[in-house]
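Written out below as structure tokens is the structure these notes cover.
There are 2 protein chains.
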Amino acid sequence: MNPVERLMAATADDMARVNELILARAHSHVDMVPELARYLIDSGGKRLRPMLTVAAAILFGRGTGNEVNFAAAVEFMHNATLLHDDVVDESDMRRGKPAARMVWGNKASILVGDFLLGQAFMMMVETGDIRSLGVLSAASAVMAEGEVFQLAKTGDLQTSSEDYAEVIRAKTAVLFEAACEVGAISGGADEAGCKALALYGLELGNAFQLVDDALDYGGQSGTLGKNVGDDLREGKMTLPVILALQSASDSERAIIANALGNAEASDLEVHQVVAIFTRYDTLKRTFSKAQEHAAAAVAALNGLPDSEMKSILIDVVEHSVSRAS
Amino acid sequence: MNPVERLMAATADDMARVNELILARAHSHVDMVPELARYLIDSGGKRLRPMLTVAAAILFGRGTGNEVNFAAAVEFMHNATLLHDDVVDESDMRRGKPAARMVWGNKASILVGDFLLGQAFMMMVETGDIRSLGVLSAASAVMAEGEVFQLAKTGDLQTSSEDYAEVIRAKTAVLFEAACEVGAISGGADEAGCKALALYGLELGNAFQLVDDALDYGGQSGTLGKNVGDDLREGKMTLPVILALQSASDSERAIIANALGNAEASDLEVHQVVAIFTRYDTLKRTFSKAQEHAAAAVAALNGLPDSEMKSILIDVVEHSVSRAS
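If you're matching them up, the sequences are chains A and B in order. Start counting at 1 in the first sequence, then tack on 180, and there's your number in the working numbering. Start counting at 1 in the second sequence, then tack on 180, and there's your number in the working numbering.
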């Protein structure tokens, strides 16, 4: 079994309850709501975020049982974000299927996203755990803020590595952080334990997004294939582009600038940009950055006693970075 | 002073704190967030919902001070909904100004709406009042559900009066209900007091939306003017249309069906539809329905001791219904 499969096995009992709750709470007397919600929710995502919530609770002994509600809430928050992101990015596909907005339209995707967010908060409130509610509501605001920041930076050639670090922290890592932190709280962790898991989640999330952003260009080696260069055509200022612009000659900058945000950019144009990335090693450097964050995630767990779950969480980090190699 | 002005005067001290909080919490280091949020928030809405929260707290003696946070949260929830609704309805104007989506685009409107919702929950969480959090998070989910239901019923000639009652309850009345209920809770009301204020808010909200839906066709008298018939062109199945379809002849049904959901419908076509409404008194009957709900709102306060604030709340109901006469 690979580490994610081991995580699945170790969280299977709780995740069965989480999945039941997810199904129950996607219900509505308005048929379009569960139809659209389940189309996305059942579309084969790994449910990594809720598994992390459950795993963090198990790591500390599973004190309150609240982790089931929080895990389902985290998955709803994530799916609400996906629905809105696909509208914002005008994405046609999600997880190998037509995006929900292509089936039910943008309007329903926006509104069902809002519904899932409302349901997420209801599930959180039911726990009565005001501290975890604070963690997740803050995450919700920061995630939206990060998406706006990313939108504002779209196609902006002046975007810095620091801007990028802020975008991925806000739009991705903060939910990983919150998912792990509320799991630890539910598991009865002390302050140091909660902090350790929060940092683990944050750094895993950072690594995860960096790897995703390298994979969008085919991974470390810049292999071309299906959907390679989507971020480029959408004008997303991810680290491979930012690093390339810092080193590029004027003519190289012009090639990148022409393709960036150009939905009609040809495969050849994308290929030329990836060739520039290769020249300056920007995909490899993005991957190295991911490895730094991965190391920080693993280090965050240093102070915790060894256990089967701890070793799984460590291996999950290494596995998620290995996707890009 | 009219009743809304009296409400403003009676809540002025608390509303000054609410407005400060609203400004502070619309802040973000991402410039586009406060720019867009303040454009909408400062655009001259009456802030009726947060005033009701504050008024309900004052009515019961203002126990905890939490009403300030809840009032600001209610206004953020309302504005988040407006941002998303304008995208969904493809509205060009809002409160006499170009809608935010016309200035910053649909994408930013979706994401800033999400941000306001996250901030709303943060402000609620800060009170530590888990009961009120339950009320408002449930309202949040129901509102989105109501919007999806309305979307699903768009242009559906089979829509019943009961469907319509469900739509306006969910999309409008539930937030009025929640705004009043959490105000009462913050004010230290007993169970009967909380229930009375919740019912008052619900029925006021129902009356409010019925009046709005009659005003969209020029009010009781069906006077034509600017933006008259927007709902018709958007295919919204509001009560005036539903009642007309129930009584109409085949040829009248055809006239309504042709204009319904037809963004290009001419003023003449709208005029013909309004003439059918007049024939069957459907605007007057919509207004009568609003008056029934208004009477129920006033009756909800019967069991409460008389006070200046109670008389203001009663007069606000009558004032809001009088808009349509």
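Cβ coordinates follow ideal geometry from the N, Cα and C atoms, glycine included. Since the model is a prediction, treat every value here as computed from it, not as a measurement.
How should residue i be labelled, buried or exposed, when 16 other C-beta atoms within 10 angstroms of its C-beta is the threshold for buried?
i: A:His207; result: exposed
i: B:Gln400; result: buried
i: B:Met323; result: buried
i: A:Lys226; result: exposed
i: A:Lys351; result: buried
i: A:Met257; result: buried
i: A:Gly241; result: exposed
i: A:Ala443; result: exposed
i: B:Leu448; result: exposed
i: B:Lys287; result: buried
i: A:Ala378; result: buried
i: A:Arg274; result: buried
i: A:Gly326; result: buried
i: B:Leu419; result: buried
i: B:Arg459; result: exposed
i: A:Gly409; result: buried
i: B:Ala474; result: buried
i: A:Glu361; result: buried
Taking Cβ positions only, does residue i come closer than 8 Å to chain A?
i: B:Phe301; result: yes
i: B:Lys287; result: yes
i: B:Leu331; result: yes
i: B:His264; result: yes
i: B:Val268; result: yes
i: B:Val328; result: yes
i: B:Val292; result: yes
Note the first and the last residue of the continuous alpha helix (DSSP H) segment covering residue i.
i: B:Phe457; result: 447-459
i: B:Ala161; result: Nothing about residue 161 of chain B can be read from this structure; chain B reaches only from 181 to 505.
i: A:Met304; result: 280-307
i: B:His209; result: Element bounds for B:His209: n/a, residue is neither H nor E.
i: A:Arg342; result: Reading the sequence as shown, one finds Glu at residue 342 of chain A and not Arg. First-last of the alpha helix (DSSP H) with A:Glu342: 341-348.
i: B:Thr334; result: Premise fails: B:Thr334 is in no alpha helix (DSSP H) and is neither H nor E.
i: A:Lys490; result: 488-502
i: A:Gln426; result: 419-427
i: A:Tyr166; result: Nothing can be reported for residue 166 of chain A, as the shown portion of chain A is limited to 181 through 505.
i: B:Pro230; result: 228-239
i: B:Ala439; result: 430-439
i: A:Leu263; result: 247-268
i: A:Pro183; result: 183-190
i: B:Asp411; result: 410-413
i: A:Gly363; result: 354-366
Is the Cβ of residue i closer than 8 Å to any Cβ of chain B?
i: A:His207; result: no
i: A:Val362; result: no
i: A:Met282; result: no
i: A:Phe356; result: no
i: A:Met212; result: yes
i: A:Phe467; result: no
i: A:Phe295; result: yes
Between residue i and residue j, which are expected to be in contact by the criterion C-beta below 8 Å, what is the C-beta distance as a whole number of angstroms?
i: A:Gly373; j: A:Leu484; result: 7 Å
i: B:Gly363; j: B:Ala252; result: About 12 Å separates the two Cβ atoms, so there is no contact after all.
i: B:Lys416; j: B:Thr334; result: 7 Å
i: B:Phe295; j: A:Val213; result: About 23 Å; that fails the 8 Å criterion.
i: B:Ala353; j: B:Gly314; result: Wrong, their Cβ atoms sit about 18 Å apart, outside the cutoff.
i: B:Leu263; j: B:Gly298; result: So it is not a contact: roughly 13 Å between Cβ atoms.
i: B:Leu355; j: B:Arg229; result: 6 Å
i: B:Ile290; j: A:Val267; result: 6 Å
i: A:Ile456; j: A:Ile435; result: 7 Å
i: B:Val450; j: B:Ala359; result: The pair is not a contact, with the Cβ atoms about 34 Å apart (cut-off 8 Å).
i: B:Ser312; j: B:Ile348; result: Incorrect: roughly 24 Å between the Cβ atoms, too far for contact.
i: A:Ala439; j: A:Leu412; result: 6 Å
i: A:Gly367; j: A:Leu239; result: 6 Å
i: B:Phe301; j: A:Ser320; result: 6 Å
Would a check of beta-carbon distances place residue i closer than 8 Å to chain D?
i: A:Gly298; result: Although the question refers to chain D, the structure presented lacks it and instead comprises the protein chains A and B.
Beta carbons nearer than 7 Å to chain A: which residues of the region 306-326 of chain B have them? Gly308, Ile310, Leu313, Gly314, Ser317, Ala318, Ser320, Ala321, Ala324, Glu325
Looking at chain A, which residues of the region 244-259 of chain B have a Cβ within less than 8 Å of any of its Cβ atoms? none
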